[in-house]
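Structure first, then comments.
Residue numbers (my numbering): 34 to 110.
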């Protein structure tokens, strides 16, 4: 069966069936949740270390929002 045939067959399914097929295909290639959790823990630990040793500084909510607003304006210019 070709990719085009698979897509054609999938499009004949109900929306619920297509959703189930999409979930199964995604899960087949998705990384293990434990791997994802470990990667996030590593990032969080590194960021905490950076804050503690002064490599980075925290921004207030207002500062962060102003920074993000300025970036959005730059992107839309």
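Backbone N, C-alpha and C define an ideal beta-carbon position, used for all residues, glycine too.
Nearest to residue i (by Cα), restricted to the options the options
| i | options | result |
| --- | --- | --- |
| residue 54 | 40, 71, 34 | 40 |
DSSP-derived helix/strand/coil call for residue i
| i | result |
| --- | --- |
| residue 48 | helix |
| residue 90 | coil |
| residue 75 | helix |
| residue 65 | coil |
Residues of its chain near residue i, where Cβ-Cβ distance is below 7 angstroms and the 5 sequence neighbours each way are ignored
| i | result |
| --- | --- |
| residue 70 | none |
| residue 43 | 51, 54 |
Neighbourhood of residue i by C-beta distance below 8 angstroms, restricted to the same chain and skipping five residues each side
| i | result |
| --- | --- |
| residue 38 | none |
| residue 110 | none |
Contacting residues, own chain, Cβ-Cβ under 6 angstroms from residue i (five flanking each side not counted)
| i | result |
| --- | --- |
| residue 64 | none |
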